[in-house]
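Here is the structure we will look at, set down as structure tokens.
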Amino acid sequence: MKKVCIVFAVFFIIIVAAAVCARPAAEEQGAYLRLHVRAHSDSAADQAVKYEVKEAIVSLLTPLAASARSKEEALCLLEGMLPAVEAAAEEALAAKGFSYGARAEVRKEEFPTRVYEEVTLEAGVYDALIVELGSGRGANWWCVLYPPLCFAGRPGESVQFRSRIWEIIQQFFSDRGDGSSLCARSMTGRTERK
Numbered sequence: 000m001k002k003v004c005i006v007f008a009v010f011f012i013i014i015v016a017a018a019v020c021a022r023p024a025a026e027e028q029g030a031y032l033r034l035h036v037r038a039h040s041d042s043a044a045d046q047a048v049k050y051e052v053k054e055a056i057v058s059l060l061t062p063l064a065a066s067a068r069s070k071e072e073a074l075c076l077l078e079g080m081l082p083a084v085e086a087a088a089e090e091a092l093a094a095k096g097f098s099y100g101a102r103a104e105v106r107k108e109e110f111p112t113r114v115y116e117e118v119t120l121e122a123g124v125y126d127a128l129i130v131e132l133g134s135g136r137g138a139n140w141w142c143v144l145y146p147p148l149c150f151a152g153r154p155g156e157s158v159q160f161r162s163r164i165w166e167i168i169q170q171f172f173s174d175r176g177d178g179s180s181l182c183a184r185s186m187t188g189r190t191e192r193k
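Position 178 of the sequence shown, counted from 1, bears residue number 177 in numbering that gives the first Met the number 0, the numbering being contiguous throughout.
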């Protein structure tokens with residue numbers, strides 16, 4: 000009987016591992032929230048200021064990326080931050096003498112295949128924060144906002160590594176039991192104050 004249980008357990012683990020590894024690309028795309036910053040043009044000045052804007056946006060969004068426990072929570076938090084994202088972009092533009100504005104919105108966007116260290120995201124349609132500078136017709140910069148694949152420290156900085164698997168396990172066995180996320184609680188709090 001003991002051998003049958005062990006064989007069954009091993010068989011079950013193999014099936015679960017195969018199911019996780021063989022998930023469809025659409026499901027994988029649905030797990031990510033990307034960030035896309037489009038320059039006004041391909042001129043050297045517009046491309047240089049694009050990186051200044053990118054730095055301002057990444058600095059603003061790093062706490063969101065670190066605190067979100069799910070893509071849905073990241074999207075919810077991000078929706079409330081769109082005016083702040085636009086303001087940060089426009090402040091960075093103005094600091095460098097650029098008068099064109101910035102627009103930020105969350106929408107589905109087509110991305111090519113991209114490799115982030117050991118993670119490869121296949122080409123496809125992803126939810127994304129799109130930040131257009133001026134006309135938004137220049138070369139662009141992109142990364143992944145959730146899970147935070149492009150929000151690492153700079154060389155020489157102390158970087159705190161997180162294990163997403165460990166966080167999921169902790170969340171599963173947590174005592175919270177109320178099923179509410181940080182975003183849902185903050186949205187409820189706002190509703191109650193009105």
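Yeah, the Cβ is synthetic: ideal placement off N, Cα and C, and Gly gets one too.
Go through its chain and collect everything with a Cβ distance to residue i's Cβ below 7 Å, but skip five positions before and after it.
i       : result
Pro-197 : Outside the displayed span of the chain (0 to 193) sits residue 197, for which this structure offers no information.
Glu-89  : Gly-100, Ala-101
Ala-87  : Ala-55, Ile-56, Leu-59
Lys-95  : Val-48, Glu-51
Lys-2   : none
How would you write the range of the alpha helix (DSSP H) that residue i sits in, first residue to last?
i       : result
Asp-126 : Careful: Asp-126 lies outside any alpha helix (DSSP H), inside the beta strand (DSSP E) at 123-132.
Tyr-50  : 43-66
Glu-85  : 70-94
So, for residue i: in the same chain, excluding its five sequence neighbours on each side, which residues have a beta-carbon less than 6 Å away from its beta-carbon?
i       : result
Asp-45  : Ala-38, His-39, Gly-137
Phe-110 : Tyr-125
Ala-103 : Leu-81, Val-84, Glu-85, Val-130
Gly-133 : His-39, Tyr-99
Ala-91  : Glu-51, Val-52, Ala-55
Ala-73  : Leu-32, Ala-67, Tyr-145
Let's see if you can read the secondary structure: which residues bound the beta strand (DSSP E) around residue i?
i       : result
Cys-142 : 139-145
Leu-148 : From DSSP, Leu-148 is part of no beta strand (DSSP E); its letter is neither H nor E.
In terms of alpha-carbon separation, which member of the options lies closest to residue i?
i       : options                         : result
Ala-127 : Glu-71, Val-48, Glu-51, Ala-43  : Glu-71
Glu-116 : Tyr-125, Gly-100, Val-143       : Val-143
Leu-77  : Tyr-99, Val-48, Arg-33          : Arg-33
Leu-81  : Lys-95, Leu-59, Ala-91, Gly-133 : Leu-59
Phe-97  : Ala-73, Thr-61, Ser-42          : Ser-42
Gly-135 : Lys-1, Val-48, Tyr-31           : Val-48
Leu-120 : Lys-1, Lys-2, Tyr-31            : Tyr-31
On the DSSP bridge list, what partners appear for residue i?
i       : result
Val-36  : Val-130, Trp-140
Arg-106 : Ala-127
Tyr-115 : Val-118
Ala-101 : Leu-132
Go through its chain and collect everything with a Cβ distance to residue i's Cβ below 8 Å, but skip five positions before and after it.
i       : result
Lys-53  : Val-36, Trp-140
Cys-149 : Leu-34, Val-57, Tyr-115, Cys-142, Val-143
Tyr-50  : Trp-140
Arg-113 : Thr-119, Leu-120, Trp-141
Ser-162 : Confidence at Ser-162 is low in this model, with a pLDDT of 47, below 50, so its placement is unreliable and no value can be given for it.
Arg-106 : Asp-126, Ala-127, Ile-129
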